[in-house]
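As structure tokens, the structure follows; a few thoughts come after it.
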Amino acid sequence: MATQTVPAEIVDLKKHPTLDVLVDVLEQYLAPADRDLVLSAYEYAEEKHEGHLRRSGHPYIEHPLAAAVTCAELQLDVPALQAALLHDVMEDCGVTRSQLVTEFGVDVAKLVDGATKLSALQLPRVTGTIDREAQAENLRKMFVAMADDVRVVIVKLADRLHNMRTLDAMRPDKQIQISRETMEIYAPLAARLGIWQIRAQLEDLAFKYLEPEEYRRISELVASRRQTRERYLGQIRVQLENALEAGGLSAQVRGRVKHLYSIHQKIRKYSAQGKSFDDIYDLLALRVLTASTTDCYAVLGVVHGLWRPLPGEFDDYIASPRPSGYQSLHTTAFWSPSHAVEVQIRTHDMDREAEYGVAVHWAYKENRHNAMNDRERMSWLRQLVEWQGELSGADDFLETLRSDVFQDQVFVHTPKGEILALRTGATPLDFAFRIHTDVGYQCVGAKVNGRLARLSTPLENGDVVEIVTSRTARGPSRDWLNPALGYVTTQHARTKIRQWFNRQARTENIARGRDELERELRRLSLKLPNVETEVMEATRAKSMEDALATIGAGDVTAHAVALKVASAGEEEVEAAPVIEVVEPPSAPGADAVQVLGGSNMLTRLAPCCSPQTGEAITGFITRSRGVTIHRSECPNILSVGEDDRVVPVRWNTFRGLTEARLRVTGWDRVGLARDVAGICADENVNMVSFVTGEPDHGAVTLTFTVEANGLRQLQLVMSKLDGVHGVMSVEREY
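Have a look at this one:
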């Protein structure tokens, strides 16, 4: 390499204060010769950036210096530190990759080139909106680069952290854009890589610009209770240290406080439960560091013996590590009748991995055999790179990123003992598609921990999941895409299901979409030829055939489109003069509500609560509009009290009936048909016909027609049928 190393003692530390900080950090873990290599990269970058200024007016070299300090605090190796210092010289100074190879070697040049290619990663704005396709393409590039060498993205995170620290020099609109991008992409990415110290800083800095008032309020709340908090932490730390010493355990106990954004999330969660800031139990936290895993569990026993544990607040991430490799025991316990503390228990090695995450693997002179296997740690990344080639649209890729990759995880086992990480709330059907697309398409049932389970059952940590498949690929059910039924929660599974339907012939999709939409419109007393314009608007299609194909492919449900069309019609009616016609309740086309004890009374549905067919309702006699029908739990009707104008009403049984033919597939057992019929009887749903199919390999199909009081009641019945023991699927044929 042409560049000569620069001895640390001849570098002018007075030039830039950040350089002084960098040297101090480097001296903590780098040998003198390696420090000189890093400082040589600094001298090169300082020369190339000479005369360049940041928007803040500070010399530009302060930015790569700050990024290098962050990487040094993670104790990254020399090439990564050099790349952090040089990460802008190709883009801003005209330096070529070949020049960097000559000066610093192939490894450094490759890292700088990768960081340069990621410099365009942002949320582009096109006429004030986000160009989702461009955003998705940039993200794809980043994850491919990260799969090649994760140090590229660690440098990028360090770069972003300093940009966030100096964001006050940007315009307000840019502050919002960059902060939103940081909160949606970079902070979750840091968490997924296990670099929690960067994740916390990014979240707090983005929070400051995205919700400035809330940020200021929480900052003041935390500051106002600092002395009390420190006193409490001191007391409970001493209590625990004494208990550990009495138990013969050697451990280090630290007190810590959650960062502002995590406190904001806690406050929002507790506010939804009607609780205040003072009710949040785990703002106080202790971290206990031990010498061995065995000691971790021994310390847990001491904690639970000393303080009463809070039920449901224990997590064992040692037995089931997070995908980032994070390992720790978490528990929350009451150290006084009204105060609780969160306790994290881990070994010193686990603590280092928890703080530095995947960066541990690129630490200076790190023995990589002692760390978690890289292949296991980064399996989620390899899977994402594989998926991104299959996800054709920006929406699919971005939603997969947010919902499947950047969400909390649940760890489940295959029958062979392999561990799979899925997003929290994932179902056996999500599991099936994660195993293989064809397994998902052939799935007819599932066993969880050896017992039959519904395909919509939320999986929990440690579950052993076995998928029951058919001999032939029947293809997915359209019900699997219905979010109300909860069959799948991962974007990956949803995308695979949609792709199956999209592969069907367009003519089939158009015909199917027409049938489904006409059926839904008939229930709303609408005819397709009269609402074609509204249908195209609801589906954002350029032609009626495109709209029907979209419905037939399952990209949008006919039910949702019909409701949008009906809502558009209601808006037009509201704008026109209202002409109300009074007819006897028994006449054809009469109102759907009957006033008990009265006849020929005008009725109207209250707009404040919009009661639906089959719901409990109450009438109120108005002075000029007849009887207004409210939901029985409507606050407006409840506030009336015992007023004489409150009258009993009911839905006319001959109006609003929804007829549907259901197909229930389940294990052939004694009492299955009885239980299915019992659900319908309990919900006051009339069964018009009932046919039992011949058993096939232990499974049986029940097909029957029901009459429900509206779609809401029908969905409730289908949901309850899905919960019957032995039922594998509930599908609506029409």
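The sequence shown begins at 436 in my numbering and counts up by one. Quick reminder that beta carbons are idealized off the backbone N, C-alpha and C, glycines included. In this text the structure is predicted, and so the values were computed from the model without any measurement.
Query, Result
"Considering Cα atoms alone, identify which of 723, 657 and 730 is closest to residue 702.", "657"
"Grab me the residues of residue 956's own chain with a C-beta within less than 8 Å of its C-beta, minus the 5 sequence neighbours each way, in chain order.", "962, 963, 966, 997 and 1000"
"Rounded to whole angstroms, what is the Cα-Cα separation between residue 1074 and residue 1055?", "12 Å"
"Cutting at 6 Å between CB atoms, please list the residues of its own chain near residue 506, excluding the five before and the five after it.", "515, 516, 519 and 593"
"Could you name the residues of the same chain whose beta carbon sits closer than 6 Å to that of residue 836, not counting the 5 residues immediately before and after it, in chain order?", "Note that residue 836 has pLDDT 49, beneath the 50 cutoff, so the model's placement of it is unreliable and the number below is only indicative. So no residue of the chain qualifies."
"Taking only the alpha-carbon atoms, compute the straight-line gap between residue 865 and residue 648 and give it to the nearest angstrom.", "40 Å"
"Please name the residue or residues paired with residue 846 in a DSSP beta bridge.", "856"
"Just checking, does the segment 1128–1136 make contact with the segment 1099–1110 on the three C-beta pairs under 8 Å criterion?", "yes"
"Touching or not, the segment 527–537 and the segment 624–636, by the rule of three or more beta carbon pairs under 8 Å?", "no"
"May I ask you to report which of helix, strand or coil DSSP gives residue 753?", "coil"
"What are the partner residues of residue 1066, as DSSP defines its beta bridges?", "1052"
"Along the chain, where does the alpha helix (DSSP H) containing residue 874 start, and where does it finish?", "872–877"
"Kindly indicate which residue of 745, 779 and 744 has the alpha-carbon position closest to the one of residue 761.", "779"
"If we ignore side chains and look at the alpha-carbon of each, how far apart do residue 739 and residue 460 end up?", "39 Å"
"Is residue 586 near residue 640, with beta carbons less than 8 Å apart?", "no"
"What are the partner residues of residue 766, as DSSP defines its beta bridges?", "778"
"So which of 604, 467, 850 and 784 has the shortest CA-CA distance to residue 492?", "604"
"Quickly, what does DSSP pair residue 1142 with across the bridge? List them, please.", "1094 and 1121"
"What residue range does the beta strand (DSSP E) around residue 654 cover?", "Run containing residue 654: none in the beta strand (DSSP E); it sits in the alpha helix (DSSP H), 647–659."
"Do you know how far the Cα of residue 846 is from the Cα of residue 722?", "24 Å"
"Quick one: what's got a C-beta closer than 7 Å to residue 610's C-beta in the same chain, skipping five residues either side?", "602 and 644"
"Take the Cβ of residue 623 as the centre, count every other Cβ of all protein chains shown within 10 Å, and call the residue buried at 16 or more, exposed below.", "buried"
"In angstroms with no decimal places, state the Cα-to-Cα distance between residue 1044 and residue 653.", "36 Å"
"Around the C-beta of residue 467, are 16 or more other C-beta atoms found within 10 angstroms, so that it is buried, or is it exposed?", "exposed"
"Quick check on DSSP: helix, strand or coil for residue 549?", "helix"
"Does the beta-carbon of residue 484 have 16 or more other beta-carbons within 10 angstroms, so that it is buried, or is it exposed?", "buried"
"Take residue 734 and list the residues in its own chain whose beta-carbon comes closer than 7 Å to its own, dropping the five residues that flank it on each side.", "679, 684, 686, 723, 725 and 780"
"Looking at the secondary structure, which residues open and close the alpha helix (DSSP H) in which residue 729 lies?", "728–741"
"Put residue 1106 into one of helix, strand or coil per three-state DSSP.", "coil"
"What does residue 902 pair with, by DSSP beta-bridge criteria?", "881"
"Does the beta-carbon of residue 763 have 16 or more other beta-carbons within 10 angstroms, so that it is buried, or is it exposed?", "buried"
"Can you list, in chain order, the residues of its chain with a C-beta nearer than 6 Å to that of residue 755? Leave out the 5 residues immediately preceding and following it.", "846 and 896"
"Could you name the residues of the same chain whose beta carbon sits closer than 7 Å to that of residue 750, not counting the 5 residues immediately before and after it, in chain order?", "765"
"Where residue 481 and residue 661 are concerned, what is the direct C-alpha to C-alpha distance, given to the nearest angstrom?", "42 Å"
"Cα separation between residue 878 and residue 888?", "13 Å"
"For residue 1007, count neighbouring C-beta atoms within 10 Å of its own C-beta (all shown protein chains included) and say buried if the count is 16 or more, exposed if not.", "Here residue 1007 scores only 41 on pLDDT, less than 50, and its place in the model is too uncertain to base an answer on."
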